Amino acid sequence: MSDQSEPREPVVHGTLMAGFAQACVNLNIVAGRRATALLADIDMGRWFPLAKWMEIEQMVGESYANVEPIRLKLGIEMMTLWYHHGPGKALIHRGADFLHFQTGSHGIASVIRGPREVVGSFDLEEFDSARGHAVIRSSTPFDKTIERGVLIGG
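Using this note's numbering, read the sequence shown as starting at 78 and increasing by one per residue.
Structure below.
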């Protein structure tokens, strides 16, 4: 698939998968052999079916009785890795920069592709820098607690 074409089925970029995998390692999150097998051989230059991402998210959920704090930490850690080991430092200088990046064509749109009715959107609906207030509306298929962690981590 070229970088410009829209796939018929939703896909996520390998960097997102690798970031999730590394966050799991860094946080000592254990989701069993099935998770290890799913996360093995992640090529950061490839696109993967969204179904594979959803299966991994589901496995983490099934592995813990109280999974919400873990999902939140995963999102935060994914953004910490992106900032310190990816392009984050060069692109982001303030929290507002991150909000605009994440909700623009460079953020979420850079890691998920497919029909809009399936991949949804991540939109900055309100932004008031004087009050330090923002409202983001997400219709993506990603777990909302992980997304909240991404925003906190950014």
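Heads up, the beta-carbon is just placed ideally off N, CA and C, and yes, glycines get one too.
Computed from a prediction, not measured in an experiment: that's the story for all the values here.
#1: Is the CB-CB distance between residue 115 and residue 150 below 8 Å?
#2: Per DSSP, what kind of secondary structure is residue 211 in: helix, strand or coil?
#3: Go to residue 200, then tell me how far its alpha helix (DSSP H) extends in each direction, as first and last residue.
#4: Can you name, in chain order, every residue of its own chain whose Cβ lies under 8 Å from the Cβ of residue 166, other than the five neighbours on each side?
#5: Using the Cβ count rule (16 or more neighbours within 10 Å means buried), how would you classify residue 174?
#6: Cα separation between residue 93 and residue 188?
#7: Ends of the alpha helix (DSSP H) at residue 90?
#8: Taking the alpha-carbon positions, what's the residue 86 to residue 170 distance?
#9: Using the C-alpha atoms, what's the distance from residue 228 back to residue 108?
#10: If you draw a straight line from the C-alpha of residue 122 to the C-alpha of residue 211, how long is it?
#11: Classify residue 226 as buried or exposed, calling it buried when 16 or more other Cβ atoms lie within 10 Å of its own Cβ.
#12: Is the region 124-138 touching the region 202-210, taking contact as three or more C-beta pairs under 8 Å?
#13: Leaving out the 5 sequence neighbours to the left and right, which residues in its chain are closer than 8 Å to residue 131 when beta-carbon positions are compared?
#14: According to DSSP, is residue 97 helix, strand or coil?
#15: Assign residue 180 to buried or exposed, taking buried as 16 or more other Cβ atoms, counted over all protein chains shown, within 10 Å of its Cβ.
#16: Might you give, ordered along the chain, the residues of its own chain that have their beta carbon closer than 8 Å to the beta carbon of residue 83, omitting 5 neighbours on each side?
Quick look at the numbers:
#1: no
#2: strand
#3: It is not in any alpha helix (DSSP H) - residue 200 instead sits in the beta strand (DSSP E) that spans 199-205.
#4: 160
#5: exposed
#6: 6 Å
#7: Looking at the DSSP string, residue 90 is not in any alpha helix (DSSP H); the run it does join, the beta strand (DSSP E), is 88-90.
#8: 35 Å
#9: 24 Å
#10: 32 Å
#11: buried
#12: no
#13: 218
#14: helix
#15: buried
#16: 190, 191, 192
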